[in-house]
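Trainee: Just so you know, the protein sequences line up as chains Y and P, in that order.
For what it's worth, my numbering labels the leading residue of the first sequence as 47, then goes sequentially.
For what it's worth, my numbering labels the leading residue of the second sequence as 2, then goes sequentially.
Structure provided below as structure tokens; questions to follow.
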Amino acid sequence: MASSTTGEKKILTLKGGDNEEFILEESLVLQSELLKNMVKEERVSSIPLPSIKSKTLVKIIEYLKKHAELTPSNKEEFKNFEKEFVNVVLEELLDITVAVNYLKINGLLEFCCQAVADRIKDKSVEAVRKIFRIESDFTPEEESEFRKETPEAFEGDLDDTTN
Amino acid sequence: MERCGDFVQWFLPDMSIKILMCLEDPSDLVRVSAVSTSWRQFVIGNGLCKHLCLRRFPDISSVANMTEVKNTIVPVVSQPEKSSEWSSLEWDHRVYAFMAQGLSNCTRKDCLIDAILASSTDNYPEESILNTLEPSDRVGRRASYWSSRGESDPTVPETLTYKLISKLCLISEFHVQPFQAYFQFGFPIYSAKAVRFRVGHSNVKIDVESDNGHESAAAQGSLLDKIVWTYTSPAFPMEQENSLQKFKLPEPVLCIGGVLQVELLGRVQRQEMDGQYYICVSHVQVVGRPLLPAFDVEILDESGKWNLKYYPKENLCQSRTKFSEGESSSPRLRSFGSNLRGWEQMILNTLLGAGAVVVDDDSDEELGGLF
Chain Y
47 MASSTTGEKK ILTLKGGDNE EFILEESLVL QSELLKNMVK EERVSSIPLP SIKSKTLVKI
107 IEYLKKHAEL TPSNKEEFKN FEKEFVNVVL EELLDITVAV NYLKINGLLE FCCQAVADRI
167 KDKSVEAVRK IFRIESDFTP EEESEFRKET PEAFEGDLDD TTN
Chain P
2 MERCGDFVQW FLPDMSIKIL MCLEDPSDLV RVSAVSTSWR QFVIGNGLCK HLCLRRFPDI
62 SSVANMTEVK NTIVPVVSQP EKSSEWSSLE WDHRVYAFMA QGLSNCTRKD CLIDAILASS
122 TDNYPEESIL NTLEPSDRVG RRASYWSSRG ESDPTVPETL TYKLISKLCL ISEFHVQPFQ
182 AYFQFGFPIY SAKAVRFRVG HSNVKIDVES DNGHESAAAQ GSLLDKIVWT YTSPAFPMEQ
242 ENSLQKFKLP EPVLCIGGVL QVELLGRVQR QEMDGQYYIC VSHVQVVGRP LLPAFDVEIL
302 DESGKWNLKY YPKENLCQSR TKFSEGESSS PRLRSFGSNL RGWEQMILNT LLGAGAVVVD
362 DDSDEELGGL F
């Protein structure tokens with residue numbers, strides 16, 4: 047077993063979907079249950095991740111680094127980083143969420159899911175459709191029935207913005 | 002690989018469930034189910050409204066047995082290809098969406114609708130429990146309050162039992178105003194040392210405090226014996242002050258069954274005239290959220306099993322088709338994708354009132370009755 051006290055850090059290569067390579071310390075990827083198992087069981091030094099876009103991988107690695115540096119004293123800073131981390135266009139957020147789920151990075155997965163849910167919260171139905179680019183396939187009669195059935199859900203201060 | 006933003010369509014179901022369960026307000030989920038047919042199918046098919054509702058009001062799951070509901074409130078399935086499994090899911094969705102909203106709506110202070118009985122009354126009816134429903138401590142020229150009988154032992158407790166406005170209430174606060182005898186020397190305030198609240202249900206019919214005299218202690222005792230208490234609050238110390246004292250529960254409590262009891266623990270004021278300890282209360286108020294009037298709860302037995310009855314708008318009593326579990330083994334939900342128009346039509350039918358609904362032969366009378 048390699049000892050961590052020698053100062054010699056293990057290096058690992060991740061290969062994104064567009065064949066871009068990312069070289070990072072093995073200790074970082076251990077936050078991913080999937081990669082941890084691969085590293086521990088198969089003793090690989092290069093892991094291809096064809097289903098994850100490089101752009102997404104860059105983001106996730108950025109998170110892993112920040113998270114590894116997390117200490118009680120920079121908690122606030124980390125929170126701000128997390129906030130900014132999910133402040134991206136929807137497609138990117140969904141890509142990240144899928145990748146994080148695949149890589150099994152707990153904690154970040156919950157955070158991403160909440161970030162997606164936050165884009166639904168308190169929004170009007172129309173706004174949700176615009177944000178997620180969904181065409182309604184209900185008839186006008188059905189729509190008005192939904193409103194009649196549970197009017198409270200469609201009233202009040204609903205957010206119509208698509209931010 | 003261009004993906005649109007419709008994650009419900011292209012994410013694994015577990016992921017979409019995870020995301021949608023991050024929502025806290027059931028209204029969000031109701032709106033999600035109105036976005037598109039696939040979103041609606043997803044929300045209903047996975048019973049998300051129910052999960053969210055149970056997470057918010059865990060008490061519901063301990064008592065509510067939705068199977069019971071299914072047995073009594075039956076969506077009518079008229080077309081052969083419509084699966085009863087789906088209609089029961091659809092039903093759950095509607096019930097829980099309603100219930101969550103019914104409960105999350107406006108809070109009101111007048112959740113007590115009637116008095117059932119007091120553990121003792123000094124002078125009846127002048128000092129009846131009925132007076133505690135009246136906010137003011139005087140009505141016209143008369144003092145309005147309830148008074149216990151006198152006791153030489155200050156530890157003897159008293160109880161005031163009330164009927165709540167709805168059999169399903171989410172209660173958050175209790176207000177009690179002790180009575181100050183403004184007509185006695187020194188203006189004594191007959192408060193209690195502490196106060197505690199219980200909520201519960203009874204499967205027997207309970208008469209509210211009537212105007213024709215005292216009930217015997219034995220009769221009162223046996224009446225209270227028939228009430229099953231499901232929640233007891235912590236004891237709150239009471240001030241010896243003539244004000245509406247507010248006691249906020251640590252967590253809102255779901256009261257199923259509609260009976261509430263105020264327990265007055267310990268006496269502090271002795272009446273000079275006879276040296277006895279009394280407790281007097283001028284007003285009791287309960288703050289909470291009653292269930293929408295479209296619902297009613299029927300307590301089945303002492304174990305706390307209950308039926309949730311739902312009276313959708315006009316059609317109070319319609320056709321009764323018994324739901325049987327084994328009937329029509331339906332295809333799994335996912336296969337509904339190929340048959341969207343079918344179930345959609347069914348939803349429409351249900352919504353338009355072709356199907357749905359209430360049950361139980363004597364349900365009409367029960368609507369107006371007490372317990």
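Glycine included, every Cβ here is placed at the ideal spot set by N, Cα and C.
1. What residues of chain P sit near Ser-182/Y, judged by a beta carbon separation below 8 Å?
2. By alpha-carbon positions, which one of Ser-149/P, Lys-247/P and Leu-90/P ends up nearest to Arg-268/P?
3. Compare the beta carbon distance of Phe-180/P and Val-263/P with 8 Å and say whether it is the shorter of the two.
4. For Trp-147/P versus Ser-129/P, is the C-beta spacing smaller than 8 Å?
5. Measure how close the beta-carbons of Leu-90/P and Gly-46/P come, nearest whole angstrom, since I'm counting them as under 8 Å.
6. DSSP puts Glu-87/Y in a beta bridge; with which residues?
7. Please confirm whether Pro-291/P and Ser-167/P have their CB atoms less than 8 Å apart.
8. Considering only the alpha carbon of each residue, which of Leu-30/P, Thr-156/P and Lys-247/P lies closest to Tyr-279/P?
9. Just curious, the alpha helix (DSSP H) that Lys-112/Y is in, first and last residue?
10. Measuring CB to CB, does Glu-71/Y end up less than 8 Å from Val-85/Y?
11. If we ignore side chains and look at the alpha-carbon of each, how far apart do Glu-152/P and Leu-165/P end up?
12. If you reduce the DSSP assignment to three classes, tell me which class Asp-164/Y lands in.
13. Three or more C-beta pairs closer than 8 Å, one from the stretch 7-25 of chain P and one from the stretch 160-171 of chain Y: is that the case here?
14. Given this structure, state the Cα-to-Cα distance separating Thr-108/P from Cys-170/P, to the nearest angstrom.
15. So what's Pro-136/P in DSSP terms, helix, strand or just coil?
16. Is it true that the CB of Val-260/P sits closer than 8 Å to the CB of Val-177/P?
17. Would you say Ile-166/Y faces chain P, with C-beta separation under 8 Å as the test?
18. Would you mind reading off the limits of the alpha helix (DSSP H) that contains Tyr-146/P?
19. Along the chain, where does the beta strand (DSSP E) containing Ala-193/P start, and where does it finish?
20. For Glu-185/Y, does the count of other Cβ atoms within 10 angstroms reach 16, so buried, or fall short, so exposed?
21. Taking 8 Å as the CB-CB limit, is Ile-151/Y close to chain P?
22. For a cutoff of 8 Å on Cβ pairs, would you count Cys-54/P as touching chain Y?
23. Among Glu-187/Y, Glu-88/Y and Asp-168/Y, which one has its Cα closest to the Cα of Ser-419/P?
24. Using a Cβ cut-off of 8 Å (strictly closer), state whether Leu-136/Y contacts chain P.
25. Can you list, in chain order, the residues of its chain with a C-beta nearer than 8 Å to that of Asp-205/Y? Leave out the 5 residues immediately preceding and following it.
26. Can Lys-247/P and Glu-135/P be called in contact, C-beta distance under 8 Å?
27. Beta carbons nearer than 9 Å to chain Y: which residues of the stretch 14-29 of chain P have them?
28. Along the stretch 63-80 of chain Y, what residues have a CB closer than 8 Å to any CB found in chain P?
29. Would you say Ala-163/Y reaches chain P, if we count a Cβ-Cβ gap shorter than 8 Å as a contact?
30. Where do the ends of the beta strand (DSSP E) carrying Gly-267/P lie?
31. Note down, in chain order, every chain P residue with its Cβ under 9 Å from the Cβ of Leu-140/Y.
32. Grab me the residues of Pro-126/P's own chain with a C-beta within less than 6 Å of its C-beta, minus the 5 sequence neighbours each way, in chain order.
33. Quick check on Ala-145/Y - is its C-beta less than 8 Å from some C-beta in chain P?
34. Taking only the alpha-carbon atoms, compute the straight-line gap between Ile-117/P and Gly-153/Y and give it to the nearest angstrom.
35. Figure out for me which residue from Pro-238/P, Val-31/P and Val-287/P has the closest Cα to the Cα of Phe-200/Y.
36. Any beta-carbon of chain P closer than 8 Å to the one on Phe-127/Y?
Mentor: Concretely, from the data shown:
1. Val-36 and Ser-37
2. Ser-149/P
3. no
4. yes
5. 6 Å
6. Beta-bridge pairing links Glu-87/Y to no other residue.
7. yes
8. Thr-156/P
9. 100-114
10. no
11. 29 Å
12. helix
13. yes
14. 10 Å
15. coil
16. no
17. yes
18. Element bounds for Tyr-146/P: n/a, residue is neither H nor E.
19. 193-203
20. Strictly speaking, residue 185/Y in this sequence is Thr, with Glu absent from that position. So Thr-185/Y ends up on the exposed side.
21. no
22. no
23. Since the first and last residues shown for chain P are 2 and 372, residue 419/P lies out of range.
24. yes
25. Asp-168, Lys-169, Ser-170 and Ala-173
26. no
27. Asp-15, Met-16, Lys-19, Ile-20, Leu-21, Met-22, Cys-23, Leu-24, Glu-25, Asp-26, Pro-27, Ser-28 and Asp-29
28. none
29. yes
30. 260-268
31. Arg-4, Gly-6, Phe-8, Trp-11 and Phe-12
32. none
33. no
34. 52 Å
35. Val-31/P
36. no
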